[in-house]
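Below: one structure, written as structure tokens.
There are 2 protein chains.
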Amino acid sequence: MIKKGLDDNFENIRKIFTEYLEKHAHRKTPERYTILKEIFATEGHFDIETLYIRMKNHKYRVSRATLYNTIELLLDCGLVTRHQFGTNYAQFEKSMMFTQHDHFIFNDSGEVKEFYDPRIEAIKSTVEETFNVEVTHYSLTFYGHARSKK
Amino acid sequence: MIKKGLDDNFENIRKIFTEYLEKHAHRKTPERYTILKEIFATEGHFDIETLYIRMKNHKYRVSRATLYNTIELLLDCGLVTRHQFGTNYAQFEKSMMFTQHDHFIFNDSGEVKEFYDPRIEAIKSTVEETFNVEVTHYSLTFYGHARSKK
DNA sequence: TTAGATGCAAACGGTTTGCAGGGAA
DNA sequence: TTCCCTGCAAACCGTTTGCATCTAA
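From first to last, the protein sequence lines stand for chains A and B. For the first sequence, this note's numbering assigns the number 1 to the initial residue and increments by one for each residue that follows. For the second sequence, this note's numbering assigns the number 1001 to the initial residue and increments by one for each residue that follows.
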């Protein structure tokens, strides 16, 4: 049951990607679909190198160039989100349609926690009014460490 | 009057840096003080390359290596803050002791606006309680564009 | 058939590092 | 005098690009 649900969900993702590719007259290559599948098959955040290694381990050889190229498309159609957690390399995660969230990063390990606080929307609105702008996206990240137990 | 006030303020900054260097048994080299001065003499955000060029124009030749080295010290003693606005290079700004603020970035030009909304503190507290952590710092950045006038 | 995509490797650009020479303590 | 710091240039590493080859349409 659950398995089927997940499959159905991925079918939907696949369809979104297909529609996007068709709309923009991009080719539907097997590489692109395999990358999409690999990304949606795993949880959490990843960087390009990790994804590259993972696909190698799964016996599917793609070039880094194609990974960068495809990630670009996935970002453009909203299926993947890009983060830059204070480092000089990018991290990504599959978009979770109905669960907008922000991040807490452990200073030492880099471990990522997710949360959502609706009050951020109020701040966003205020910023939009203050500068007379339209916010397209935002990034809220807290950094810190476990509380020292007393 | 105002000029004097600024100078006094910089004297104070200088003193903070000196105390930091002494405390950590780091040498008080002229390069380090010149870099500090250059950073506090200008407004807004900057990256290493910009600072490098600017110092060259002011007829003071420093190596990039020394800039990176010194910035590290300034970050460590809290006189400078580091940002990574979604790019793969870092931007910095002098710390403004009494004016905590966040950023709005224009997607096209990269222009930076600053704001402060106290409601972020409430979100921070909630995150600390939720994950039982202590937040050491955070980053809140909105990205967007000017409102299209109708 | 052909324009767009892939794979490979070289180029790029910000940052880091190794090392010889220089200067603060 | 000592050894930390500086300047220079090479190394690093994530990302981008050029190009020959391949393939979806």
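Glycine included, each C-beta is placed from N, C-alpha and C at the ideal position. Keep in mind that this is a model prediction, so the values were computed, not measured.
Q. What do you reckon, are the CB atoms on lysine 28 of chain A and leucine 21 of chain A nearer than 7 Å?
A. Yes, they are a contact pair.
Q. In terms of residues, what are the limits of the alpha helix (DSSP H) holding serine 1125 of chain B?
A. If you look at serine 1125 of chain B, you'll find it in the alpha helix (DSSP H) that goes 1119 to 1131.
Q) Residues of chain B with a CB under 8 Å from the CB of alanine 65 of chain A: which are they? A) Chain B residues near alanine 65 of chain A: none, gap ~17 Å exceeds 8 Å.
Q: Could you name the residues of chain A that histidine 1137 of chain B contacts, counting a contact when the two beta carbons are closer than 7 Å?
A: Here the neighbours are Tyr143.
(Q) Below 8 Å, how does it come out for the region 1076 to 1084 of chain B and the region 73 to 93 of chain A: are there three or more Cβ pairs, yes or no? (A) With a cut-off of 8 Å, the region 73 to 93 of chain A and the region 1076 to 1084 of chain B count as touching, because enough Cβ pairs lie within range.
Q) What did DSSP end up calling threonine 34 of chain A once you bin it into helix, strand or coil? A) Threonine 34 of chain A falls in the helix class under three-state DSSP.
Q.
Using a Cβ-Cβ distance cut-off of 7 Å, determine whether asparagine 1088 of chain B contacts chain A.
A. It does; some Cβ of chain A falls within 7 Å.
Q: Can you have a look at glycine 1110 of chain B and say buried or exposed, based on whether 16 or more other CB atoms are within 10 angstroms of its CB?
A: Exposed: under 16 other Cβ atoms inside 10 Å.
Q: Select from B:Phe1142, B:Glu1134 and B:Arg1147 the residue whose C-alpha is nearest the C-alpha of alanine 146 of chain A.
A: By alpha-carbon distance to alanine 146 of chain A, the top candidate from B:Phe1142, B:Glu1134 and B:Arg1147 is B:Glu1134.
Q) Would alanine 1146 of chain B count as contacting chain A if we go by Cβ distances under 7 Å? A) Alanine 1146 of chain B belongs to the set of residues whose beta carbon lies under 7 Å from a beta carbon in chain A.
Q: Taking threonine 56 of chain A as part of the beta strand (DSSP E), name the residues at either end of that continuous run.
A: Here the sequence assigns lysine to residue 56 of chain A, which means threonine is not the residue at that position. Per DSSP, lysine 56 of chain A belongs to no beta strand (DSSP E); it is in the alpha helix (DSSP H), 48 to 57.
**Q.** Residue(s) in a DSSP beta bridge with aspartate 1102 of chain B
**A.** Aspartate 1102 of chain B is bridged to B:Phe1115.
(Q) I'd like to know if aspartate 1117 of chain B contacts chain A, where contact means its C-beta is closer than 7 Å to some C-beta of that chain. (A) Judged by the 7 Å Cβ criterion, aspartate 1117 of chain B is in contact with chain A.
Q. How would you list, in chain order, the residues of chain B whose beta-carbon sits under 8 Å from the beta-carbon of threonine 130 of chain A?
A. Listed along the chain, the chain B residues whose CB falls inside 8 Å of the CB of threonine 130 of chain A are Phe1115.
Q.
With three or more beta-carbon pairs closer than 8 Å as the criterion, would you say the region 103 to 120 of chain A touches the region 64 to 72 of chain A?
A. Contact between the region 103 to 120 of chain A and the region 64 to 72 of chain A is absent, because fewer than three Cβ pairs lie under 8 Å.
Q) Buried or exposed: lysine 23 of chain A, going by 16 or more other Cβ atoms within 10 Å of its Cβ? A) Under the 10 Å beta carbon count, lysine 23 of chain A is surrounded by fewer than 16 other beta carbons and is classified as exposed.
Q.
Quick check: is the beta carbon of threonine 1126 of chain B nearer than 7 Å to any beta carbon in chain A?
A. Output row for threonine 1126 of chain B: interface = yes.
Q) Are there 16 or more other CB atoms within 10 angstroms of the CB of methionine 1055 of chain B, so buried, or fewer, so exposed? A) Around the C-beta of methionine 1055 of chain B, 16 or more other C-beta atoms lie within 10 Å, and the residue is accordingly described as buried.
(Q) Residues of chain B with CB closer than 7 Å to the CB of glutamate 134 of chain A, please, in chain order. (A) Neighbours of glutamate 134 of chain A on chain B, chain order: Gly1144, His1145 and Arg1147.
**Q.** Partner residues on chain A for glutamine 1091 of chain B, Cβ-Cβ distance less than 9 Å
**A.** Residues of chain A passing the Cβ test: none, with the nearest at roughly 12 Å.
Q) Just checking my contact of glycine 144 of chain A with threonine 1136 of chain B at CB under 8 Å: how many whole Å lie between their CB atoms? A) Between threonine 1136 of chain B and glycine 144 of chain A the Cβ distance is about 5 Å, and since that is below 8 Å, they are a contact.
**Q.** Close Cβ partners of valine 1127 of chain B (< 8 Å) along its chain, the five nearest in sequence each way excluded
**A.** Val1133 and Val1135.
Q. Along chain B, in chain order, which residues have C-beta atoms closer than 8 Å to that of asparagine 9 of chain A?
A. Neighbours of asparagine 9 of chain A on chain B: none; closest Cβ ~27 Å, over 8 Å.
Q) Which whole-angstrom value describes the C-beta separation of phenylalanine 104 of chain A and phenylalanine 142 of chain A, a residue pair presumed to lie in contact below a C-beta threshold of 8 Å? A) In this structure phenylalanine 104 of chain A is in contact with phenylalanine 142 of chain A, their Cβ atoms being roughly 5 Å apart against a cut-off of 8 Å.
Q.
To the nearest angstrom, how far is the alpha carbon of threonine 1034 of chain B from that of aspartate 76 of chain A?
A. Roughly 44 Å between the two C-alpha positions.
Q. Since serine 1095 of chain B contacts glycine 1078 of chain B with CB under 8 Å, what's their CB separation in whole angstroms?
A. Their Cβ separation, rounded to whole angstroms, is 6 Å, which keeps serine 1095 of chain B and glycine 1078 of chain B in contact under 8 Å.
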